[in-house]
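So the structure is just underneath, and the comments pick up after that.
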Amino acid sequence: MTTPQTIADYLQQLRAALKGADPAMIQDALFDAEEHLRSELAEHPEESEAAMLARVAGSYGAPEEVAEIYRDTEVKVQRALRAPRPRAGRGPLARFFGVIGDARSYTALFYMLLALATGIFYFTWVVAGLSLSAGLAVLIIGIPFIILFFASTRLLALVEGRLVEVMLGVRMPRRPASAVRELPLLRRIGAMFTDPRTWGTLFYMLLMLPLGIIYFTVVVTGMTLSLVLVVAPVAQLFGFAPTTVNDVAYFWPLWTLPFSMLGGVLLFFVMLHLARGVGWMHGHVAKHLLVTTAGY
């Protein structure tokens with residue numbers, strides 16, 4: 007591989023060296039490299055980009071060396087993201103009940119509850135932003151407003167990425183997308199509008215509202231029903247009627263009480279498994295829409 011003569015060449019070679027790696031890691035690596043190289047260039051304005059790259063090759067590293075460092079670090083990051091699972095036997099019952107010790111199930115359950123609030127916010131932000139952008143497009147302030155709106159959605163994508171990574175355990179970028187700053191301003195703005203990540207982010211934020219409603223409804227309904235099935239038999243044993251219609255108390259037959267409690271406990275474990283599955287699915291949907299682009 008030839009020695010890079012410009013920062014753009016360096017980033018292109020680094021991207022090529024990281025081909026096939028996690029897209030979130032590639033985004034972080036490209037941003038870190040560009041920030042470091044540009045800070046070096048700013049500190050030594052008398053140097054050309056080629057001279058600066060030759061000077062920092064020993065300290066920061068060639069693109070291939072930097073890519074290898076990031077690949078090694080990514081192994082540790084992926085290992086840290088995997089929530090420790092309890093030791094369980096190989097039987098289906100052991101795997102089914104072992105989910106109670108899986109921390110990722112509880113964080114995914116909380117994310118499903120939180121998704122309603124974030125979904126409402128994202129949906130409102132996108133709809134209001136697109137509406138105002140369309141309305142102001144005929145005015146002078148329309149273009150700057152549209153640019154700021156799209157930039158804000160990328161910032162929100164980073165925030166959502168942190169939530170997804172922490173709660174769902176799917177690797178997401180910690181840095182914004184890198185942009186080649188040598189390009190003219192209009193070409194950089196055009197690249198933002200043609201980047202699939204921009205439209206994927208908008209679609210994700212619109213999608214979060216129906217998903218948030220579904221997630222919230224499923225969790226609240228499932229957990230409430232599980233609690234009722236467990237608590238109602240105990241309440242009935244102490245004289246409280248689990249069902250009252252028109253001020254008339256109806257008591258469940260005694261032989262159904264053990265089955266009710268068992269059903270409630272089993273439903274709780276089913277909800278944990280469901281939350282873990284939904285978390286895995288949603289995390290990969292978020293990664294595809296918020297991170298993955300054709301360039302990776």
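Numbering (our numbering), first residue to last: 7 to 302. C-beta atoms are modelled at their ideal positions from N, C-alpha and C, and glycine is treated no differently. In this text, all values refer to a predicted model and were calculated from it rather than measured experimentally.
* **CA-to-CA distance, T200 to E49, given in whole angstroms** => 33 Å
* Asked: Given that a residue counts as buried once 16 or more other Cβ atoms are within 10 Å of its Cβ, and exposed if not, what is G301?
  -> With a pLDDT of 42 at G301, under the threshold of 50, the modelled position of this residue cannot be trusted; read the value that follows with caution. Exposed, by the Cβ-count rule.
* Asked: CB-CB under 6 Å to K293, same chain, minus the five flanking residues each way: which ones, in chain order?
  -> V176
* Would G289 be called buried (16 or more neighbouring beta carbons within 10 Å of its own) or exposed? -> buried
* Range of the contiguous alpha helix (DSSP H) that encloses D201 -> Counting along the chain, D201 falls outside any alpha helix (DSSP H), and DSSP gives it neither H nor E.
* DSSP state of A52 mapped onto helix, strand, coil -> Position check: residue 52 holds Glu in this sequence, whereas Ala was assumed. In the structure shown, E52 sits in coil (DSSP, three-state: anything other than H, G, I, E or B).
* Asked: Do A114 and V276 come within 8 Å of each other at the CB atom, strictly closer than that value?
  -> no
* Asked: Should F156 be labelled buried (16 or more other beta-carbon atoms within 10 Å of its own) or exposed?
  -> buried
* To do: Please go through the segment 38 to 126 and give each complete alpha helix (DSSP H) segment of 4 or more residues, from N-terminal end onward.
  => 55 to 62, 69 to 87, 98 to 103
* Whole-angstrom Cβ separation of I13 and R21, contact assumed at under 8 Å? -> Going by Cβ atoms, the distance from I13 to R21 rounds to 13 Å, so no, they are not a contact pair.
* Contact the segment 123 to 132 vs the segment 100 to 115: 3+ CB pairs below 8 Å -> no
* Report the rounded CA-to-CA distance for A183 versus D34, giving the unit in angstroms. => 8 Å
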